[in-house]
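Written out below as structure tokens is the structure these notes cover.
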Amino acid sequence: MHNSKYGKRIRELVEASLLKKNERYECPKCGKRSVKRVSNALWECRSCGARIAGGAYLLATDIGQTARRVLAGGEAGE
Ligand SMILES: [Zn+2]
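In numbering that gives the first Met the number 0, the protein residues as written are 0 to 77.
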């Protein structure tokens, strides 16, 4: 169990860097930086009203590809 401390520290660092609660992100629909996280897995664009379901830090990591998939209505699939 000597690795538990190390693993916890890495996890904290990752979460701290990804979960910026008040950060805004570019909307895949209208292109404005108005997308905010409204709940754990739901993002909303304040400009055009687009709603994007995703992970807690989905938009922070890969707004381009993943959000487009979500908006298209399909599952990510294989
Ligand atoms: Zn928008």
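We treat Cβ as the ideally placed atom computed from N, Cα and C, and that holds for glycine.
Buried versus exposed, by CB contacts within 10 Å (16 or more), residue i
i	result
valine 34	buried
arginine 32	exposed
cysteine 26	buried
arginine 36	buried
Alpha-carbon spacing of residue i relative to residue j, whole angstroms
i	j	result
glutamate 43	arginine 8	31 Å
arginine 45	arginine 23	10 Å
lysine 28	serine 38	19 Å
arginine 10	glycine 30	31 Å
Three-state class that DSSP yields for residue i in the structure shown
i	result
arginine 36	strand
glutamate 11	helix
glycine 30	coil
Rounded Cβ spacing between residue i and residue j (contact assumed at less than 8 Å)
i	j	result
alanine 40	alanine 49	With a Cβ gap of about 15 Å, alanine 40 and alanine 49 do not count as contacting.
Residue i - partner residues in DSSP beta bridges
i	result
glutamate 25	Paired residues: none, contrary to the question.
alanine 52	Leu41
- Nearest-residue set for ligand 3, Cβ under 5 Å from any heavy atom: In the structure on display, ligand 3 does not appear, and the ligands it does have are ligand 1.
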